[in-house]
Structure formats: structure tokens, C-alpha cells
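Peer 1: Dropping a structure here in C-alpha cells format, bear with me for questions.
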Amino acid sequence: MVMNKIYYVLMILALLMTGGLCGCEDFLEESSQDEMRPSSVDDLKELMMGVVYPAGVSFHNYLELMTDDAESSFTNLELAITAIKRYEGPFTWQKNMYELMESNGLGSSVKTYEHYFSRIMGCNTVLDQLDKVKGEEDDKLNVRGQALAMRAWFYFMLVNLYGQPYNAEGVDIEKTPGLPLLISSTVKDDPLPRVSVARIYQQVEEDLLEALPMLEKYGKENSKYKVTDMFVYTLLSRMYLYMEKWEKAEEYASKALEKNSELINLARYADGGVFTDGVYGLNSPEAIWYGYGNDNEYESYDWSGFWRYRSYWASAELRELYDYQDDTWDRKDLRYLFYFSWAPVQSIYPNKGITWGEKKSGSSALSSQCVKGMRVAELYLNRAEAYIHMGDEKLALDDLNELRRHRYDTRNVAYQPVSNLTGENLLQFCRDERRRELNFEDHRWFDLRRYGMPRIEHVFRSDVDQVPQVFVLEKGDPRYVFAIPDYILTRNPALVPNP
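With our numbering, letter number 462 in the sequence shown gets 451, and the count goes up by one each step, no holes.
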């Protein structure tokens, strides 16, 4: 019966996304399938797992390809060329990248806009049904807090994909278009226009602040696959960082770190060279939320044979940021070794070496199967950046050194703290540290947007007879804001397209 209810709500959400319903509430009232209506808070908990929580969902496995952390490799092997062309659209910042990816065989996996909004409607359905079901009030408040916080996360991600950066120079956030705002499962016949970026941020903030006391009091037993108060602290810290409200960003990062400041000490694994727990593994003390994505997400950049060939991989610019040395006595920055999977050394493949992110557990039995989410390391970095802007440079260095101390090889050599940086040099070091730590977790694209949308170059080649081309994303380029797909604009004529 529970599975029938999940299927029922998924059907509702699918109809909503294709414009086939006036509203979820109307459908529920008119349906003869009353036995499928959620009747208890336990039913809603099951529905949350089916239609809200995104564990294993890949919303945008192309996003990292659009940053300066990625570069394209090339070989004239037929299967490799197919893999290269599959992601040509996002890698070269084409406005019609969704259509290009879909035409190259990626199908529904690139329907980012739909995937997010279907889960927002899942949150709204749960919220609207809570007062109509049986159950303990404590349970209801826990579920309400989770649904509000997840709706906030979905909208936060969406507005940073399809809206201007909150801090964009010369942009009025009270007027620049954000997204349609859906805070009820009842959808009217009239097409919904886009509200402003400021209004979306306001809703995100309101949802998180409403959810927080519920989760602090009633969500103490929630697993890391679900929303907890730590999730809300982290998202508030991240949101205020993007808004450049430095005191607030520091406040919520500190609240979270007061509750959990533990980091994995990578030196524990330096002898054997196998990172068995992973920063997103089930044994990871620093994992806050197991989030989304899956352990095959970056494999889609491959073609498969006896060995794998990576068509896209970590850029030389990113690799050069690591203070790593191939010395078994002292490897220095161990993230270079443990945060990436490594292509095999085979003479028939011209490209070898460091490739893509590998932050899940090294053991499939311990893996959360999610590769993107939230973890304690981000809190140190959020707070350090806030401290710098607040003028507390010593406190910023304390946070940065605490993180780095857990990432360096300290088996035989003591970690040497960074101490001689100030001003812009310290801020750049903090940004580089964020890049070293959080790469391939869907932070870099958003960070580039809030850093002023700098110029990026990508070199691309997809055919043996093609001369490598340089593609440029100019500083402040309109393509830093994703185009809303044409089929979405067709369904909803009230939407104003992005430039």
C-alpha cells in the first residue's frame, strides 16, 4: 500500500510538471482512489523518501565540466569520441546544451529544471497533507521541518543555476528574474511568472529559519540521509556567504562546528594508500548529509573496456594547486592522492593519471552511494572566508590550518601551519583551499559566479581531423546563468527567458 501511495504522488508530480493538472489538491479531491491518500505521518515519511529526498539522483552531472577544474582529453578511438561529444554542450558553454546532451543520448538525466521542481512539489504535497493525517505532533513537526528545509535547498540550487548571482555587480536582485515560486501543492490554471532572485532567497531563508527549531527539538534521531539541524546550519552558512552577510555566515558555521567539528585525518591511510572510509562514506565523522549524486556519476565521462579512458578529467590548473610529492616518507597534501580516482598506466592510452572525484567510501559495503552533499570541511571554509571579510584574519588562518592539518601527511613530519598571509593574498589562499577541498562536489561553478564570473578557457576537440579549438566564457558572460530549456518556456508562456 505504501508503494502505491508513492507511485500515486509521483504520478501527480509528473502531471504537474507537464501541465496536465490544475492542482494536486483538486486531483486528490476528485479521485476515487481515496485509499491511496496518505493517512498517517508514517505514510508521509515514506513519501518523503520517494518524492523528496534525492539520494542517488544526479541533478546535473555536467556541472563540473563547465568550470576551470575540468579539461577535455582526446583519442581517436570511436567509443572515446562518443563520450567526448556527449558532453560537448556544457563543456563549451552552449546555450542549447540541454538539447545537445539529449540528442547525444543522455535523455532524462539532463532535465535539471524538471527534476528540481518535481521535488519541490513533493515537499509541498507533504506540507499540505500534514494537518490531514494521523500521528504524533512531534513526528509531524519533524517531517514539517525536513520538508521545509529540503524545499529551501532545492530552491537555493535552482536560483543559483537559473538566476543572476545574488552579489552580481550592477544587478538589482529585487528585479532580476529568479524562478516561479511554488509553496503549495495546489497549482492554478494561470501560468506562473518568475519572481525575483531576492524573493527566492527570502523564501529559502524563511523556510530554513522556520525548520530549524523543529529539527533541533524533534529531529535528533534523523539519519544523515535526511535533514538534520546540522543540514540547516550548513545551508544557512552557505546561503549567507553567497549573500555576503559575513556575520551571519560565521554565526551558523560556528553553531554547526560547536556540534560537530570532526574531520577525517587522511594520514591514517597514507601507508596503505587506500582511503577506505571516504568523506561521504557511512563511517565518515565529517559527513553531514549524504545528499545526491551516485558513485557512477563521473563514470558517464568514460567509455568502458578492459581499462577505462576518461574523456574529461581534472584540469592541470587544479592539479597544480596541490602541494603533493610522491614520497612514501612524506606525501604532503594527501588530498591529491585520495580525492581522485586514477586512470591505469597503459601505453595504448595517451592520457593517464589523475582523473575524477572519488570521495565516497573505498568499500562498497560502506559506501553511501552519494558523492555530493554536505560535510564539516565546508563549515571551516565558510567560516574562514567570513572571518577574512570581517577582518579577523588570525581566526581565518586558525580554521584553514585546522582543515589542512587533517589533510597533510603527518606520520613522520609535523604539519607546518600557514601564518604569513594577509589581505587579498589570504583571501586567494582561502579560495584555493576551498577548491582543493571541495572540487567535484558542485561548489566550484557557484563559487565562480560569486567571485565575479571570471574568464575561463576550455580547449576542445572531438574529431581526429579537427584542430583543437579554444572556447571562452568571458568575464561576466550571460552564460554564467543557465538558459531555461525551450520546452519549459513553451509549457509556461509566463516565463521570461534568460538572455
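We treat Cβ as the ideally placed atom computed from N, Cα and C, and that holds for glycine.
Could you tell me the boundaries of the beta strand (DSSP E) in which Trp495 lies?
Peer 2: Nothing about residue 495 can be read from this structure; the chain reaches only from -10 to 488.
Peer 1: Check the DSSP bridge columns for Tyr214 and list the partner residues they point to.
Peer 2: By 1-based counting over the sequence shown, the position of residue 214 is 225. None; Tyr214 has no bridge partner.
Peer 1: With respect to the beta strand (DSSP E) encompassing Tyr301, which residues constitute its N-terminal and C-terminal limits?
Peer 2: Stepping through the sequence shown from its first residue, residue 301 is reached at position 312. Segment 301 to 303, the beta strand (DSSP E) holding Tyr301.
Peer 1: If you follow the alpha helix (DSSP H) that Lys129 is in, where does it begin and where does it stop?
Peer 2: The residue you call residue 129 lines up with position 140 of the sequence shown. From DSSP, the alpha helix (DSSP H) with Lys129 extends over 126 to 151.
Peer 1: Is the beta carbon of Pro406 sitting closer than 8 angstroms to the one on Asn428?
Peer 2: Here the question's residue 406 lines up with position 417 in the sequence shown. Here the question's residue 428 lines up with position 439 in the sequence shown. Cβ atoms of Pro406 and Asn428: not closer than 8 angstroms.
Peer 1: Looking at C-alpha atoms only, which residue of Asn211, Pro182, Leu171, Asp179 is the closest neighbour of Asp196?
Peer 2: For the purposes of this step, residue 196 is taken as residue 207 along the sequence shown, with counting starting at 1. Per the Cα distances, Leu171.
Peer 1: For the region 441 to 459 against the region 313 to 328, are there 3 or more C-beta pairs whose distance is under 8 angstroms?
Peer 2: These segments do not touch.
Peer 1: CA-CA distance, Glu67 and Pro166?
Peer 2: In the sequence shown, counting from the first residue as 1, residue 67 sits at position 78. In the sequence shown, counting from the first residue as 1, residue 166 sits at position 177. Those two C-alpha atoms are separated by around 43 angstroms.
Peer 1: Pop quiz: Gly362 and Tyr279 are said to be a contact at Cβ under 8 angstroms. What is the actual Cβ separation, rounded to whole angstroms?
Peer 2: The residue you call residue 362 lines up with position 373 of the sequence shown. The residue you call residue 279 lines up with position 290 of the sequence shown. With 8 angstroms as the limit, Gly362 and Tyr279 qualify as a contact, their Cβ atoms being about 5 angstroms apart.
Peer 1: Output the boundary residues of the alpha helix (DSSP H) element that contains Lys361.
Peer 2: Counting from one through the sequence shown, the residue named residue 361 turns up at place 372. Segment 361 to 364 is the beta strand (DSSP E) holding Lys361; no alpha helix (DSSP H) there.
Peer 1: For Gly152 and Ile189, which I take to be in contact (beta-carbon distance under 8 angstroms), what is that distance rounded to the nearest angstrom?
Peer 2: Counting from one through the sequence shown, the residue named residue 152 turns up at place 163. Counting from one through the sequence shown, the residue named residue 189 turns up at place 200. Correct: roughly 7 angstroms between the Cβ atoms.
Peer 1: Could you say which of Leu478, Asn50, Asn85 lies nearest to His432 if we only look at CA atoms?
Peer 2: As a first step, residue 432 must be located in the sequence shown, where it is residue number 443. Cα-wise, what sits closest to His432 is Asn50.
Peer 1: Can you tell me whether DSSP reads Lys100 as helix, strand or coil?
Peer 2: Numbered from 1 along the sequence shown, position 111 holds the residue referred to as residue 100. If DSSP states are grouped into helix, strand and coil, Lys100 belongs with coil.
Peer 1: Determine the direct distance from the alpha carbon of Glu247 to that of Thr223, and round the result to whole angstroms.
Peer 2: As a position in the sequence shown, residue 223 is number 234, starting the count at 1. As a position in the sequence shown, residue 247 is number 258, starting the count at 1. When rounded, the distance between both Cα atoms is 12 angstroms.
Peer 1: Check for me: the alpha helix (DSSP H) holding Leu89 runs from which residue to which?
Peer 2: To locate residue 89, count along the sequence shown from 1; it is residue 100. Unbroken alpha helix (DSSP H) run through Leu89: 86 to 90.
Peer 1: What is the rounded straight-line gap between the Cα of Glu91 and the Cα of Asn149?
Peer 2: Along the sequence shown, read from residue 1 onward, the residue named residue 91 stands at position 102. Along the sequence shown, read from residue 1 onward, the residue named residue 149 stands at position 160. Taking the straight line joining both Cα atoms gives about 22 angstroms.
Peer 1: Quick one: using the 10 Å Cβ neighbour count with 16 as the cut-off for buried, is Leu130 buried or exposed?
Peer 2: Taking the first residue of the sequence shown as position 1, residue 130 is located at position 141. Answer is buried; the Cβ neighbour count reaches 16.
Peer 1: Given a threshold of 16 other Cβ atoms within 10 Å of its Cβ, counted over all protein chains shown, does Gln192 qualify as buried or as exposed?
Peer 2: For the purposes of this step, residue 192 is taken as residue 203 along the sequence shown, with counting starting at 1. Label assigned to Gln192: buried.
Peer 1: Looking only at its own chain, which residues have a Cβ that is under 7 angstroms from the Cβ of Asp127, when we skip the five neighbours before and after it?
Peer 2: Counting from one through the sequence shown, the residue named residue 127 turns up at place 138. Around Asp127: Tyr207.
Peer 1: Around the Cβ of Lys434, are there at least 16 other Cβ atoms within 10 angstroms (buried) or fewer (exposed)?
Peer 2: By 1-based counting over the sequence shown, the position of residue 434 is 445. Lys is not the amino acid found at residue 434; the sequence shown has Trp there. Looking at its Cβ environment, which holds 16 or more other Cβ atoms inside 10 Å, Trp434 is buried.
Peer 1: Since Tyr42 contacts Tyr258 with CB under 8 angstroms, what's their CB separation in whole angstroms?
Peer 2: As a working note, residue 42 is residue 53 in the sequence shown. As a working note, residue 258 is residue 269 in the sequence shown. Not quite, the Cβ-Cβ distance comes to about 30 angstroms (not below 8 angstroms), so this is no contact.
Peer 1: How big is the Cα-Cα spacing for Pro180 and Ser173?
Peer 2: Locating residue 180 in the sequence shown gives position 191, counting from the first residue. Locating residue 173 in the sequence shown gives position 184, counting from the first residue. Using only the alpha carbons, I get a separation of about 15 angstroms.
Peer 1: If you follow the beta strand (DSSP E) that Val448 is in, where does it begin and where does it stop?
Peer 2: Residue 448 sits at position 459 when you count from the first residue of the sequence shown. Val448 -> beta strand (DSSP E) spans 445 to 449.
Peer 1: Leaving aside the five residues before and after Val30 along the sequence, list all residues of the same chain whose C-beta is less than 8 angstroms from its C-beta, in chain order.
Peer 2: One-based indexing of the sequence shown puts residue 30 at position 41. Excluding sequence neighbours, Val30 sits near Leu119, Val122, Lys123, Gly124, Glu125, Asp128, Lys129, Val132.
Peer 1: Can you grab the Cα-Cα spacing for the pair Asp178 / Val485, in whole Å?
Peer 2: Counted from its first residue, the sequence shown places residue 178 at position 189. Counted from its first residue, the sequence shown places residue 485 at position 496. Answer to the nearest angstrom: the Cα atoms are 18 angstroms apart.
Peer 1: May I ask you to verify whether the region 367 to 380 touches the region 234 to 243, counting CB pairs closer than 8 angstroms and requiring at least 3?
Peer 2: Result yes; three or more Cβ-Cβ pairs closer than 8 angstroms.
Peer 1: What residue range is occupied by the uninterrupted beta strand (DSSP E) comprising Ala59?
Peer 2: Taking the sequence shown and counting its residues from 1, the one referred to as residue 59 is at position 70. Start and end: 59 to 61.
Peer 1: Tell me the residue span of the beta strand (DSSP E) that contains Ile277.
Peer 2: Here the question's residue 277 lines up with position 288 in the sequence shown. It spans 276 to 281 - the beta strand (DSSP E) in which Ile277 sits, taken as one unbroken run.
Peer 1: If we count the other Cβ atoms within 10 Å of its Cβ and call it buried at 16 or more, is Leu386 buried or exposed?
Peer 2: On the sequence shown, residue 386 is found 397 positions in, with the first residue counted as 1. By the 10 Å Cβ count, Leu386 comes out buried.
Peer 1: Is Met345 buried or exposed, if buried means 16 or more other CB atoms sit within 10 Å of its CB?
Peer 2: Along the sequence shown, read from residue 1 onward, the residue named residue 345 stands at position 356. Met is not the amino acid found at residue 345; the sequence shown has Trp there. The residue is buried, with at least 16 neighbouring Cβ atoms inside 10 Å.
Peer 1: Any idea what DSSP makes of Pro202, helix, strand or coil?
Peer 2: Taking the sequence shown and counting its residues from 1, one reaches residue 202 at position 213. Correct three-state label for Pro202: helix.
Peer 1: Let me know the secondary structure DSSP gives Val193 once reduced to three states.
Peer 2: Here residue 193 refers to the residue found at position 204 of the sequence shown. Reduced to three states, the DSSP call for Val193 is helix.
Peer 1: Applying the criterion that 16 or more other CB atoms from any shown protein chain within 10 Å of the CB defines a buried residue, is Arg101 buried or exposed?
Peer 2: Counting from one through the sequence shown, the residue named residue 101 turns up at place 112. One detail in the question is off: residue 101 reads as Thr in this sequence, not Arg. Burial call: buried.
Peer 1: Could you round the C-beta distance between Val470 and Asn481 to whole angstroms and report it? I think they count as a contact, below 8 angstroms.
Peer 2: Counting from 1 along the sequence shown, the entry for residue 470 is found at position 481. Counting from 1 along the sequence shown, the entry for residue 481 is found at position 492. Not a contact, Cβ separation roughly 18 angstroms.
Peer 1: Span of the alpha helix (DSSP H) holding Val40?
Peer 2: Taking the sequence shown and counting its residues from 1, one reaches residue 40 at position 51. Taken as a continuous stretch (DSSP letters only), the alpha helix (DSSP H) holding Val40 covers 30 to 40.
Peer 1: Asp388 to His395, Cα distance in whole Å?
Peer 2: On the sequence shown, position 399 is the one that residue 388 refers to. On the sequence shown, position 406 is the one that residue 395 refers to. Rounded to the nearest angstrom, the two C-alpha atoms are 11 angstroms apart.
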